[in-house]
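Participant: Below: one structure in structure tokens.
Following this line, the structure appears as structure tokens:
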């Protein structure tokens, strides 16, 4: 019923809309492979590669079916086509991908302490990182 959503987007929004849809799937692919590259263990790495490959392969197959390069297969466009189990499992897979990205090997930014303010007669109790130039915080 809505397996040809890419054709409808192309008809309504033209080349720009179709290119935007393809660009978003390329972005999902690049980010998924980046998550896989930075995963802490092999399970996370292989799972991220598999989820990314499945989502982008389904999108590529759907585009090729819409353009007439492949016979009609019945695979819906991930995250766009209407479907009960397809959208459910695609959202579930994206959630797993986000969970893998939460535990990556990215070092946090090194933060430096702010420079101590010059001595002044004015006391400011609103200061970042709990630093009060007047000595102790207000009660």
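Numbering (the numbering used here), first residue to last: 623 to 761.
Note that beta-carbon positions come from the ideal geometry of N, C-alpha and C, so glycine has one too.
Computed from a predicted model, the values in this text were never measured in an experiment.
I need the straight-line Cα distance from residue 709 to residue 656, nearest angstrom please.
Facilitator: Going from the Cα of residue 709 to the Cα of residue 656 covers about 23 angstroms.
Participant: Within its chain, find whatever has a CB closer than 7 angstroms to the CB of residue 654; leave out the 5 residues flanking it on each side and keep chain order.
Facilitator: Answer for residue 654: 670, 673, 674, 719, listed in chain order.
Participant: Quick check on the burial criterion: 16 or more other C-beta atoms within 10 angstroms. Buried or exposed for residue 693?
Facilitator: Label assigned to residue 693: exposed.
Participant: I'd like the list of long-range same chain contacts for residue 667, defined as Cβ closer than 7 angstroms, with 5 residues on each side in sequence excluded.
Facilitator: Counting only Cβ-Cβ distances below 7 angstroms, and skipping sequence neighbours, we find 658, 661.
Participant: Can you name the residues that DSSP bridges to residue 681?
Facilitator: Per DSSP, none; premise fails for residue 681.
Participant: DSSP three-state call for residue 726: helix, strand or coil?
Facilitator: DSSP places residue 726 in strand when its eight states are reduced to three.
Participant: Excluding the five sequence neighbours on either side, which residues of its own chain have a C-beta within less than 7 angstroms of the C-beta of residue 631, listed in chain order?
Facilitator: Cβ neighbours of residue 631 beyond the five flanking positions: 639, 640, 643.
Participant: For a quick check, are the C-beta atoms of residue 688 and residue 628 less than 7 angstroms apart?
Facilitator: It is a contact, given that the beta carbons lie within the stated cut-off.
Participant: Out of 663, 724, 695, point me to the one whose CA is closest to residue 624's CA.
Facilitator: Considering only alpha carbons, the answer is 695.
Participant: Determine which residues share a DSSP beta bridge with residue 713 and list them.
Facilitator: Partner(s): none; residue 713 has no beta bridge.
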